[in-house]
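Accompanying notes for the structure given below.
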Amino acid sequence: MFGTRKTWDIGHALCLQELWNKDLSLDANLVEFLMSDEDDSSFLSLPAAAFLQRRSLTAERTDPNTRSQQPLIQDKVCQLQTCIHSEEIARHLAGGGVQKLQEEQLSTKPTGVQVRSDRFSCPEEEQLVGQLRTQVEELEEKLFNQTQELERLRSELGATDLEKQLERLVVENERLKQELNSCRSSEFQKLDVAAGTCSCSRCPHRQEVEVLRREMSYQENRAQLREQHLAEVEQELRKETCRVEGLQEHLDESRRRQREVEHKLRLQLQDCEEQLAKQAAAPPRVR
166 MFGTRKTWDI GHALCLQELW NKDLSLDANL VEFLMSDEDD SSFLSLPAAA
216 FLQRRSLTAE RTDPNTRSQQ PLIQDKVCQL QTCIHSEEIA RHLAGGGVQK
266 LQEEQLSTKP TGVQVRSDRF SCPEEEQLVG QLRTQVEELE EKLFNQTQEL
316 ERLRSELGAT DLEKQLERLV VENERLKQEL NSCRSSEFQK LDVAAGTCSC
366 SRCPHRQEVE VLRREMSYQE NRAQLREQHL AEVEQELRKE TCRVEGLQEH
416 LDESRRRQRE VEHKLRLQLQ DCEEQLAKQA AAPPRVR
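Structure (structure tokens):
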């Protein structure tokens, strides 16, 4: 439905200036990925040749395998941002009202991803893990806020008011039908009595009959208008019901995708921590 592209949140992830200041070595593939979107304001427009030509100040102290794994971890963080961005677009499309929300999502906030507090030997690795944890907490807070927004939209839908109005109209329509039937029967009886007792054109009973006929015609027109209005309300209620069902389907799909994204997020975060732990445990090569 919407094309997704990789974005880098400047508030949570390392930008090019920070990578430049921290003296992190970037390979050609990562530089090409970071420089691919020229319109993104969260990146600094630095030439790729500068990253390729600049030598790392810590090259003699850091393991080459460790440096090659850091762009990989940054790429995984970018993939996490892309998944969450796609999930937010899907939930915005489902906005405008919902039928029902899970009570467990309203009573408690989403459980945070449990991470290990391993100590890493490199400050850059510790900072990267801290940024990952901060991103997870903020994404969970966004999900909770969106759940509350969906509940507010659901309360503004007013489907219950339409049902009550329909019930009132049905009762009133039945009452009008009964009144019309009783009025017709009484008028017919009066007409029969008048026809049997009076035959002159100036008889007051004939004038009364004309008045009763006009009243009956008025009541019939009123009943027809009520029935027409009732049909319109029923049609509107059916439309609202279909709309609510569609929103409920979108909400169910959104919750399913949310669970998938959270599961994928946990797995990727654990993978990143394991890789960082392996890098920290590996003895540095002495040249």
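With positions in the sequence shown counted from 1, the corresponding number in this note's numbering is that position plus 165. Each residue gets a CB set at the ideal place from its N, CA and C atoms; glycine is no exception.
(request) Would you mind sorting Q389 into buried or exposed? The rule is 16 or more other CB atoms within 10 Å of its CB. (result) Within the sequence shown, numbered from 1, the residue matching residue 389 stands at position 224. Per the 10 Å Cβ criterion, exposed.
(message) Let me make sure I understand the geometry here. Which of T299, L245, E303 and L315 has the alpha-carbon closest to that of D417?
(response) As a working note, residue 417 is residue 252 in the sequence shown. Here the closest residue by C-alpha is L315.
(request) Measure the alpha-carbon distance for E303 versus Q311 and round it to whole angstroms. (result) For the purposes of this step, residue 303 is taken as residue 138 along the sequence shown, with counting starting at 1. For the purposes of this step, residue 311 is taken as residue 146 along the sequence shown, with counting starting at 1. Cα to Cα, E303 sits roughly 12 Å from Q311.
(message) Check whether the segment 429-438 and the segment 372-386 touch, using three or more Cβ-Cβ pairs below 8 Å as the test.
(response) no
(request) Keeping to the same chain, check which residues put their C-beta closer than 6 Å to that of P448; ignore five residues upstream and five downstream. (result) Residue 448 sits at position 283 when you count from the first residue of the sequence shown. Excluding sequence neighbours, P448 sits near nothing in its chain.
(request) Could you tell me whether the Cβ atoms of R387 and L331 are closer together than 8 Å? (result) Here residue 387 refers to the residue found at position 222 when the sequence shown is read from its first residue. Here residue 331 refers to the residue found at position 166 when the sequence shown is read from its first residue. A distance of 8 Å or more separates the beta carbons of R387 and L331.
(request) For S350, count neighbouring Cβ atoms within 10 angstroms of its own Cβ and tell me buried if that reaches 16, exposed if not. (result) Position 185 of the sequence shown, counting from 1, holds the residue named residue 350. With fewer than 16 other Cβ atoms within 10 Å, it is exposed.
(message) Let's test the definition: count the other Cβ atoms within 10 Å of the Cβ of V336 and tell me whether it reaches 16, buried, or not, exposed.
(response) Residue mapping note: residue 336 aligns to position 171 of the sequence shown, counting from 1. Classification for V336: exposed.
(request) Between the Cα of L245 and those of Q423, A445, S419 and A396, spot the shortest distance and give me the residue it belongs to. (result) For the purposes of this step, residue 245 is taken as the residue at position 80 of the sequence shown. For the residues Q423, A445, S419 and A396, the minimum Cα distance to L245 belongs to Q423.
(message) Just verifying my parser: in three-state terms, what is the DSSP assignment at A447?
(response) Here the question's residue 447 lines up with position 282 in the sequence shown. Coil.
(message) Give me, in chain order, the residues of the same chain whose beta-carbon lies closer than 7 Å to that of K241; leave out the 5 immediate sequence neighbours on both sides.
(response) Here residue 241 refers to the residue found at position 76 of the sequence shown. The residues are Q433 and C437.
(message) What does the Cβ neighbour count give for Q313, buried or exposed, with the cut at 16 atoms within 10 Å?
(response) Residue mapping note: residue 313 aligns to position 148 of the sequence shown, counting from 1. By the 10 Å Cβ count, Q313 comes out exposed.
(message) When you compare the CB positions of Q384 and C348, do they come within less than 8 Å of one another, or not?
(response) Here residue 384 is taken as the residue at index 219 of the sequence shown, counted from 1. Here residue 348 is taken as the residue at index 183 of the sequence shown, counted from 1. It is a contact, given that the beta carbons lie within the stated cut-off.
(message) Between the alpha carbons of I249 and V426, how many angstroms are there, rounded?
(response) Residue numbering aside, residue 249 sits at position 84 when the sequence shown is read from its first letter. Residue numbering aside, residue 426 sits at position 261 when the sequence shown is read from its first letter. Answer to the nearest angstrom: the Cα atoms are 7 Å apart.
(message) Considering only their Cβ atoms, is the gap separating L395 from N338 smaller than 8 Å?
(response) As a working note, residue 338 is residue 173 in the sequence shown. As a working note, residue 395 is residue 230 in the sequence shown. Using a Cβ distance threshold of 8 Å, N338 and L395 count as a contacting pair.
(message) Does S382 pass the burial test, meaning 16 or more other C-beta atoms within 10 Å, or should it be called exposed?
(response) Along the sequence shown, read from residue 1 onward, the residue named residue 382 stands at position 217. Exposed: under 16 other Cβ atoms inside 10 Å.
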